[in-house]
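Q:
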Amino acid sequence: MKANKPEFKTSTFKLVLLTAVTVSLSACSSLGVEPWERDLLAKKEMALTSSPVDAALDDHIYFSKEASSGGKSFGGGGCGCN
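If you count the sequence shown from 1, position 47 lands on 47 in this note's numbering, and the numbers rise without skipping.
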């Protein structure tokens, strides 16, 4: 005995799949930042480097590691003694 399986028409299935993909992709579109959201994004805490001390330390570590290849515009020793 064969079980009765519903047969899907290929064109209908493709149409439903195309509609689902289109709807899901359009739901991801960005509408931009609203004016009332800009005040939150302009705060100091929202900066990529919110702490200037941490940024200076990260710069110094990067410079010390990459100085032998001209890390911050000039070449030199990479010993970290600068």
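Ideal placement from N, C-alpha and C gives every residue a C-beta, glycine not left out. Predicted, not measured: the structure shown is a model, and the values here were computed from it.
Which whole-angstrom value is the C-beta distance of V94 and L41, which I expect to be below 8 Å?
A: The chain is shown only over 1 to 82; residue 94 falls outside these bounds and no answer can be derived.
Q: Can you name, in chain order, every residue of its own chain whose Cβ lies under 6 Å from the Cβ of A20, other than the five neighbours on each side?
A: none
Q: Between which residues of its own chain and A55 is the CB-CB distance below 7 Å, once the five residues before and five after are set aside?
A: T49
Q: Please give the ranges of any alpha helix (DSSP H) in the region 23–55, keeping only runs that are unbroken, at least 4 residues long and fully inside the region.
A: 35–41
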